[in-house]
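Just below is one structure, and these are the notes that go with it.
Number of protein chains: 2
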Amino acid sequence: MQTLTPVQELKSAIRDVPDFPKKGVIFKDITPLLSDGRLFNDAVGLLSRPYTASHVHKVVAVEARGFIFGAAIAARLEAGFIPVRKKGKLPHTRIKESYELEYGVDQLEIHQDAIVKGERVLLVDDLLATGGTCDAVIKLIRRLGGEIVGCTFLIELTFLNGRKRLKDYPVTSLITY
Amino acid sequence: MQTLTPVQELKSAIRDVPDFPKKGVIFKDITPLLSDGRLFNDAVGLLSRPYTASHVHKVVAVEARGFIFGAAIAARLEAGFIPVRKKGKLPHTRIKESYELEYGVDQLEIHQDAIVKGERVLLVDDLLATGGTCDAVIKLIRRLGGEIVGCTFLIELTFLNGRKRLKDYPVTSLITY
Numbered sequence: 735m736q737t738l739t740p741v742q743e744l745k746s747a748i749r750d751v752p753d754f755p756k757k758g759v760i761f762k763d764i765t766p767l768l769s770d771g772r773l774f775n776d777a778v779g780l781l782s783r784p785y786t787a788s789h790v791h792k793v794v795a796v797e798a799r800g801f802i803f804g805a806a807i808a809a810r811l812e813a814g815f816i817p818v819r820k821k822g823k824l825p826h827t828r829i830k831e832s833y834e835l836e837y838g839v840d841q842l843e844i845h846q847d848a849i850v851k852g853e854r855v856l857l858v859d860d861l862l863a864t865g866g867t868c869d870a871v872i873k874l875i876r877r878l879g880g881e882i883v884g885c886t887f888l889i890e891l892t893f894l895n896g897r898k899r900l901k902d903y904p905v906t907s908l909i910t911y
Numbered sequence: 735m736q737t738l739t740p741v742q743e744l745k746s747a748i749r750d751v752p753d754f755p756k757k758g759v760i761f762k763d764i765t766p767l768l769s770d771g772r773l774f775n776d777a778v779g780l781l782s783r784p785y786t787a788s789h790v791h792k793v794v795a796v797e798a799r800g801f802i803f804g805a806a807i808a809a810r811l812e813a814g815f816i817p818v819r820k821k822g823k824l825p826h827t828r829i830k831e832s833y834e835l836e837y838g839v840d841q842l843e844i845h846q847d848a849i850v851k852g853e854r855v856l857l858v859d860d861l862l863a864t865g866g867t868c869d870a871v872i873k874l875i876r877r878l879g880g881e882i883v884g885c886t887f888l889i890e891l892t893f894l895n896g897r898k899r900l901k902d903y904p905v906t907s908l909i910t911y
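Put into structure tokens, the structure is as follows:
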């Protein structure tokens, strides 16, 4: 009888959805993992663990799915939570960076007072694909003077080489494809 | 010398932004509260506390801001997290409900397998205003057979009487205006 490791168990709860959001794409649906209280809690613990001694001041995550692990990890580490949002959603003074979409560009924004110079910042997202979004978020964090202690992802699609774009920072991921 | 209660301290970290998202509206900006690790952690603790003995199976929250407290509370309660999203964002089989906007209607969706009949569900959001969104989410939860153990909000705008629309369920809020 084989026993799954905690990470294998998490991976087994991720569902492939073919042709979403468009024909030919296989979407990695994490909602079955999220909806299981024990697995969600395990994932938050495993993602937080490498950073428990890193004195993280702020966890930064991008709407909407990024908020899920971002906020849970921030609370676990007793760090502040900083939302990065799409254009026009944040109410106060903000700075922005462009990032590439498949067709065209879009913009991500962060509040100017979200990070104080020298604060230690952890970037959290559910998925590392090409790294384009993360690259824009890193620029935002650095423009505010934040020190990036790491980037952590539930899933990493290694064949897309996103890690290469983030090579100046420690990158951790739980589940790889 | 006066000492603030924990709730007063949270309230003092909420920022009024005039004329957002449009002229004449004063927006309650919670990002200064979120960005302070101690305050964010306190808020998650205070919002979770009434439900620690409620055997919550699933926490349901609406994108995007609802995910922040929803996910952190789910992890705190060791419950599953269920995202409710706008039209077309969830990849698998879903059901939907319409809700009223100021002009026109929009739709919210939940995965059909997100809740199993009889599961105990806590609804979390950052703001209770008119209750229109919550009302739609409650319908989604009930259609899947979920039993709603409560609705909890960081902020309640009492003058909008949202609580009246949720009168069949326990409602808790931390900060009222």
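Here the protein sequences come in this chain order: A and B. My numbering numbers the first residue of the first sequence as 735 and each following residue consecutively. My numbering numbers the first residue of the second sequence as 735 and each following residue consecutively. A virtual CB, placed ideally from N, CA and C, is assigned to each residue, including glycine.
Taking the CA atoms as reference points, S782 (chain B) sits about 26 Å from P740 (chain A). By the Cβ criterion, the region 776–796 of chain B is not in contact with the region 751–759 of chain A, since fewer than three pairs of Cβ atoms, one from each stretch, lie closer than 8 Å. Residue state for E881 (chain A) is assigned as strand, using DSSP reduced to three classes. Per DSSP, the continuous beta strand (DSSP E) segment holding F815 (chain A) begins and ends at 814–820. The C-beta of A787 (chain A) comes no closer than 8 Å to any C-beta of chain B.
At a Cβ-Cβ threshold of 8 Å, L824 (chain B) and H845 (chain B) count as neighbours.
Secondary structure note for P766 (chain B): it is in no beta strand (DSSP E), and the uninterrupted alpha helix (DSSP H) holding it is 765–768. Taking every protein chain shown into account, the CB of F815 (chain B) has 16 or more other CB atoms within 10 angstroms, so this residue is buried. In this structure, D859 (chain A) and A795 (chain A) form a Cβ contact; the two beta carbons are roughly 6 Å apart against a cut-off of 8 Å.
Chain-order list of chain B residues neighbouring V751 (chain A): P825, H826, by C-beta distance under 9 Å.
The beta carbon of L768 (chain A) falls within 8 Å of a beta carbon belonging to chain B, placing the residue at that interface. Looking at the DSSP output, Y833 (chain B) shares a beta bridge with B:D840. At a cut-off of 8 Å between beta-carbon atoms, P817 (chain A) makes contact with chain B. Residue state for D776 (chain B) is assigned as helix, using DSSP reduced to three classes. In the DSSP assignment, A795 (chain B) falls within the beta strand (DSSP E) that extends over 792–796. Only exposed fits T786 (chain B), as fewer than 16 other CB atoms lie within 10 angstroms of its CB.
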